[in-house]
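Structure record follows, encoded as structure tokens.
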Amino acid sequence: MENLYSTAMKESNADSFNEQPVFAAELFPHRSLGRRGFKILLALSGAVCFLYGMFFVATGAWPIGFFFGLDFALLYGAFWLSYRSGKAREEVTVSRTDVSVRKFTPSGQMVEHHFNPFWARFLVRRHQEIGILSMHIFGEGRRTDIGSFLNPDDRESFAKAFKGALATVKQRI
Numbered sequence: 441m442e443n444l445y446s447t448a449m450k451e452s453n454a455d456s457f458n459e460q461p462v463f464a465a466e467l468f469p470h471r472s473l474g475r476r477g478f479k480i481l482l483a484l485s486g487a488v489c490f491l492y493g494m495f496f497v498a499t500g501a502w503p504i505g506f507f508f509g510l511d512f513a514l515l516y517g518a519f520w521l522s523y524r525s526g527k528a529r530e531e532v533t534v535s536r537t538d539v540s541v542r543k544f545t546p547s548g549q550m551v552e553h554h555f556n557p558f559w560a561r562f563l564v565r566r567h568q569e570i571g572i573l574s575m576h577i578f579g580e581g582r583r584t585d586i587g588s589f590l591n592p593d594d595r596e597s598f599a600k601a602f603k604g605a606l607a608t609v610k611q612r613i
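In our numbering, the protein residues as written are 441 to 613.
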């Protein structure tokens, strides 16, 4: 009975070793304007639009005042959409048994893709002047893109680290 238990424990330890991530990354879009800067920008632009709008309403050119209000509403809407899209993210993990890509939409929905690390291929499309244009994982008739919202420098560093992780997993046979 003890031999069975010790064999099962060794297999369990080997399975947990294989499931340990060799690489894990959480990718999210960069926003150059933080919440505080957003509030300051809206306060300043709102004040300017209100002052000029009131000036034109007082001088009898009320349609121009209306357009200042519309400008402010459109500016607020554009930033609201930008911050909402900033909630999108991707979680990428590589272990000896699995390459997992979890994509979260701004609304919170999640789509998960799994690939066998020994069959997975990482394709990077480059442009001579711009750098990496797109990154894809292929395997077993499936494919998904990764980091489409990253800036060029972040794409370069992610691609290098991800390639290294795949190579490490494939070398440990």
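We put the CB at the ideal spot given by N, CA and C, even for glycine.
According to the DSSP secondary-structure assignment, Thr533 is paired through a beta bridge with Ala464, Ser540.
Of all alpha-carbon atoms in Ala605, Thr499, Val541, Asn591, the one lying nearest the alpha-carbon of Ser472 is that of Asn591. By the CB criterion at 9 angstroms, Val609 and Arg536 fall inside the cutoff. For a cut-off of 8 angstroms, the C-beta gap from Phe562 to Phe602 is around 6 angstroms, short enough to register as a contact. DSSP places Arg561 in the strand class (E or B) of the three-state scheme. Along the length of the stretch 563-605, whole beta strand (DSSP E) runs at least 3 residues long occupy 571-579, 582-585, reported in chain order. Contact between Met550 and Phe544 holds: their C-beta atoms lie close to 5 angstroms from each other, under 8 angstroms.
Contact between the stretch 503-516 and the stretch 482-490 is established, with three or more Cβ pairs separated by less than 8 angstroms. The alpha helix (DSSP H) runs of length 4 or more contained entirely in the stretch 474-506 are, from start to end of the chain, 475-498.
In this chain, the beta strand (DSSP E) harbouring His554 covers 550-555.
Comparing alpha carbon positions, the residue from Leu573, Val532, Met575, Arg583 closest to Val462 is Val532.
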